[in-house]
Amino acid sequence: MSNYKTDRDYKIINQYAGSLSVDRAIQNEGRQQLDNAFTNTERIKKYFAEQRALEQELITVLTACEENGITEHDLERIKVLEEKISNLELPQLNEMNAIQTQDIPTSFVDMTKSNQEFAAKYDIDLEKPFDSLFSNIEEAAISSELAERFSLLRLDKYDYAFASAVGIIGGVVDVLLIGTASTKRSECGKLVNLTDDAISKMVQKYAKLCDWDGPKNGSDPTKSAIGFLERKNKVNYDARYPQDIDFAIDGINPKNHHLLSLDHSPMGLIIGVIDLLQGKATFVDPEEGNIVRAMTGKAEGIDGIPSAIARWFGHLMSDVAGASGSSDRGAGIPTGMQSILRTFNVGKIPMGENGTSAIGEVVEKMYTEGFDFRFSVATAIPVIICEVLIRVYWFLKQHYYYGKEVKQSMPFGKIRELQRMLLISNFAFSSIDVTHALIKGATEQNPISFFNSVNYIGLADFGLKLFINFRLEHEHNKQTKELLQNDIRREYEKLLNDRYPFAD
1434 MSNYKTDRDY
1444 KIINQYAGSL
1454 SVDRAIQNEG
1464 RQQLDNAFTN
1474 TERIKKYFAE
1484 QRALEQELIT
1494 VLTACEENGI
1504 TEHDLERIKV
1514 LEEKISNLEL
1524 PQLNEMNAIQ
1534 TQDIPTSFVD
1544 MTKSNQEFAA
1554 KYDIDLEKPF
1564 DSLFSNIEEA
1574 AISSELAERF
1584 SLLRLDKYDY
1594 AFASAVGIIG
1604 GVVDVLLIGT
1614 ASTKRSECGK
1624 LVNLTDDAIS
1634 KMVQKYAKLC
1644 DWDGPKNGSD
1654 PTKSAIGFLE
1664 RKNKVNYDAR
1674 YPQDIDFAID
1684 GINPKNHHLL
1694 SLDHSPMGLI
1704 IGVIDLLQGK
1714 ATFVDPEEGN
1724 IVRAMTGKAE
1734 GIDGIPSAIA
1744 RWFGHLMSDV
1754 AGASGSSDRG
1764 AGIPTGMQSI
1774 LRTFNVGKIP
1784 MGENGTSAIG
1794 EVVEKMYTEG
1804 FDFRFSVATA
1814 IPVIICEVLI
1824 RVYWFLKQHY
1834 YYGKEVKQSM
1844 PFGKIRELQR
1854 MLLISNFAFS
1864 SIDVTHALIK
1874 GATEQNPISF
1884 FNSVNYIGLA
1894 DFGLKLFINF
1904 RLEHEHNKQT
1914 KELLQNDIRR
1924 EYEKLLNDRY
1934 PFAD
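Each residue of the sequence shown is one higher than the one before, counting from 1434 in this note's numbering.
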């Protein structure tokens, strides 16, 4: 019912606007004819003024000849003036047309019908009657006022194009320089190898802080630093085989023990400290997905929380760049989410010829094939690049193009236009990333290749930006409704006052 009433009201408003459009067209035609008449009058006045000036000059010459006699020069001058008068061209006048009008209707129905007939006869567009009621300057002023009052999005085509281009560039960087996770450096992208090298140098610097003397006999410095940190930070939960923890769980091995041990997670500080103090180890049972705690005995040198924290962090640093005995890139520590997701032994994810696997099993396969903390850090690089480029662009445009103060141009906070550009950039980035992952998985016929090619930080950022945009739009719609209600209430009160001018 409300939709019918709304449609009816819009129809009536458009009919009134159509009437105004017809009136405006008639006024414009009248104004044009008045302009033509004024122009013609000015041209005629100019013509007669020139003619009168030439005739006056000719009379002056003839009068002088009558008084002083005619000379050869006078005859030549008279001839020239006569030629100018005879050759004086009549002015080009604009065409004048009768102004077409319509009869004054006696009812609203007659007015609507008359307007439609008049518009059809004289080619007046009534499809969008409101557009013809305002000039370009008026439309710009109204648009600016509406945008200011109702906080409408002020993004132009260049903003959308830049955001899309940044997302595409970020996606290309992700595809070419990140690629697919692998335990072999030769199969990883350049940014992954650069990230691995940076983390390896970080491990070496930390080892030097712990009195490491450096590599000996030309050995690999990273492996030497890892070995030093492993010896210096021995822990009770570093089990690699089931027998190391009295067969509390099965399926643990050197390739997956970092993932199955919650103490090895970057988010495992509390668990690691508790296990060090209590002489226990916390693992994920790979078969059931349950969390199991096994007695292992306390590590030496742990006499309180500070020493436990230092030991936990030192051991984490020894594992973050892979094991000292790794032949290639190896497997470092897992991300925090991988440790959590390994407990999800639910779901049936198609794995091609291998049947199906639970979520936790897929996560373990991803980890053992190279998707560790280092790779996750590398995947954040193109996401950060896109974020920085959009925010820098926003600041420069607000400050230098619109002339706003530095404080007003800062690219932070609840700015709907900025968040929309970030969302567009993230959408373009994730579209390219997921498409690449799909192609990779399909061509290799390996679902793990698909999962190890997806940029999960980019997807998480896209989800976050989507949520922020939904929230900002919800808040904006709520504020807009309140503004409209206030405007309607104010206009209603104004009508009441006009209707009853003597009311209190």
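The beta carbon of each residue, even a glycine, is placed where N, CA and C say it ideally should be.
Keep in mind that this is a model prediction, so the values were computed, not measured.
Asked: Beta carbon of Leu1851 nearer than 9 Å to that of Trp1827; Found: yes
Asked: Per-residue burial, His1869 [other beta carbons within 10 Å of its own, 16 or more giving buried]; Found: buried
Asked: Three-state secondary structure (DSSP) of Arg1726; Found: strand
Asked: One or two residues paired with Phe1716 in a DSSP bridge; Found: Ser1694, Val1725
Asked: Whole-number beta carbon distance between Arg1762 and Asp1629, since they are thought to touch under 8 Å; Found: 7 Å
Asked: Pro1538 in three-state terms, based on DSSP; Found: coil
Asked: For Pro1934, the three-state DSSP class (helix, strand or coil); Found: Low local confidence applies: a pLDDT of 43 at Pro1934 is under 50, so the model's placement there is unreliable, and no value is given.
Asked: Element boundaries [alpha helix (DSSP H), containing Cys1819]; Found: 1806–1829
Asked: C-beta atoms of Leu1588 and Met1854 nearer than 9 Å; Found: yes
Asked: Among Gln1448, His1909, Val1795, the one whose alpha carbon lies nearest that of Asn1885; Found: Val1795
Asked: Residue burial classification, Ile2025 (beta-carbon count within 10 angstroms, cutoff 16); Found: Residue 2025 lies beyond the residue range present for the chain, which begins at 1434 and ends at 1937; the question has no answer from this structure.
Asked: At least 3 beta-carbon pairs within less than 8 Å: the region 1601–1614 vs the region 1859–1873; Found: yes
Asked: Coarse secondary structure for Pro1524, derived from DSSP in three states; Found: coil
Asked: Assigned exposure category for Thr1729 - 16 Cβ within 10 Å defines buried; Found: buried
Asked: Own chain residues within Cβ distance below 6 Å of Pro1538, not counting five before or after; Found: Met1544, Ser1547
Asked: Sufficient close CB pairs (3 or more, under 8 Å) joining the region 1715–1728 to the region 1736–1747; Found: no
Asked: Unbroken alpha helix (DSSP H) run spanning Met1635, endpoints; Found: 1623–1642
Asked: For Ile1872, three-class secondary structure by DSSP; Found: helix
Asked: Outcome for His1506 when other beta-carbon atoms lying within 10 angstroms are tallied against a minimum of 16; Found: exposed
Asked: Beta-carbon proximity check, Met1700 vs Gly1769, cutoff 9 Å; Found: yes
Asked: Whole-angstrom distance between Thr1801 and Asn1666, CA atom to CA atom; Found: 24 Å
Asked: Those residues which DSSP pairs with Thr1789 across a bridge; Found: Pro1783
Asked: Contact set for Ile1532: own chain, Cβ-Cβ below 8 Å, skip 5 residues either direction; Found: Ile1459, Glu1462, Gly1463, Gln1466
Asked: Secondary structure of Pro1844, DSSP reduced to three states; Found: coil
Asked: Chain-order list of residues whose beta-carbon lies under 8 Å from that of Ile1735 (same chain, five-residue window excluded); Found: Leu1709, Leu1710, Ala1741, Arg1744
Asked: Same chain, Cβ closer than 8 Å to Pro1934, neighbours up to 5 away in sequence not counted; Found: Caution applies to Pro1934, whose pLDDT of 43 falls short of 50 and renders its modelled position unreliable; the model cannot decide the point.
Asked: Local conformation of Asn1686 per DSSP, three classes; Found: coil
Asked: First through last residue of the alpha helix (DSSP H) which encompasses Thr1655; Found: 1654–1665
Asked: Same chain, Cβ closer than 7 Å to Ile1823, neighbours up to 5 away in sequence not counted; Found: Ala1596, Val1599, Met1854, Leu1855, Ser1858
Asked: Three-state class that DSSP yields for Met1434 in the structure shown; Found: Low confidence applies here, because Met1434 scores a pLDDT of 43, under 50, leaving its location unreliable; read the following figure in that light. Met1434: coil per DSSP, three-state reduction.
Asked: Inter-stretch contact (C-beta, 8 Å, three-pair minimum) for the region 1649–1667 and the region 1680–1693; Found: no
Asked: Proximity winner among Val1725, Pro1675, His1832, Gln1676, relative to Asp1696 (alpha-carbon distances); Found: Val1725
Asked: Straight-line Cα distance separating Lys1512 from Thr1472; Found: 33 Å
Asked: Gln1771, enclosing alpha helix (DSSP H) - first and last residue; Found: 1769–1774
Asked: Endpoints, the alpha helix (DSSP H) within which Trp1645 is located; Found: Here Trp1645 belongs to no alpha helix (DSSP H), and DSSP marks it neither H nor E.
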